[in-house]
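A.B. asks: Following this message is one structure expressed as structure tokens.
Numbering (our numbering), first residue to last: 42 to 214.
This is how it looks when you write it as structure tokens:
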């Protein structure tokens, strides 16, 4: 009898455990788009890194700076990816990211900032509309955002956005 009671309690104990059967629920919502293919870099160009090209007073007069060791500018990015460049302007109260190319009015002329790139390198230019370009006298910082691939329409849209808007769309920073 004692053995029967023990077997009865053992059977009740086993039956009282919940089933261990696995039930798969519905698929959850898709997570936010990742930024694994989006990278950003900050490059600083010192005053001495700018090279004067062209002739003072002529349309070809400008200053250029070339970073020819920018290995993250791969063939894939240079030929079919997205390259966004911003000049970083910081003062005591705020930091502004100005998308390039940009034109800023100065006293009596406009200053145009631009960029160009090829696999392994990126360059910057500054030119004044009066053809008397002055060499930058302080370090100029640039934020470069690279993505390996994105559709062409989206790339054009990104170039028209502010830095903050573009980073939100790309899911970066």
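Backbone N, C-alpha and C fix where the C-beta goes; we use that ideal spot for every residue, glycine too.
1. Which value, in whole angstroms, describes the spacing of the CA atoms of residue 110 and residue 171?
2. Give me the DSSP bridge partner(s) of residue 84.
3. CA-CA distance, residue 157 and residue 68?
4. Note down the Cα distance separating residue 198 from residue 93, rounded to an integer number of angstroms.
5. In the DSSP assignment, find the alpha helix (DSSP H) that holds residue 147 and state where it starts and stops.
6. Pick from 201, 105, 95 and 81: whose alpha carbon is nearest that of residue 118?
7. Give the DSSP bridge partners of residue 93, in chain order.
8. Once you ignore the five residues that flank residue 98 on each side, which residues in its own chain have a CB closer than 6 Å to its CB?
9. Identify every residue that forms a DSSP beta bridge with residue 157.
10. Which residues in the same chain as residue 167 place their Cβ atom closer than 6 Å to its Cβ, once the five residues preceding and following it in sequence are excluded?
11. Going by the DSSP bridge assignment, what does residue 125 pair with across the sheet?
12. Just to confirm, is the Cβ distance from residue 217 to residue 178 under 8 Å?
13. Pull up the distance between the alpha-carbon of residue 138 and that of residue 186, whole angstroms please.
14. Going straight from the alpha carbon of residue 121 to that of residue 159, what length do you get?
C.D. replies: According to the data block:
1. 32 Å
2. 183
3. 45 Å
4. 33 Å
5. From DSSP, residue 147 is part of no alpha helix (DSSP H); its letter is neither H nor E.
6. 81
7. 104
8. 172
9. 164
10. 104 and 154
11. 186
12. Lying before the first or after the last residue shown, residue 217 is absent from the chain, which here runs from 42 to 214.
13. 12 Å
14. 11 Å
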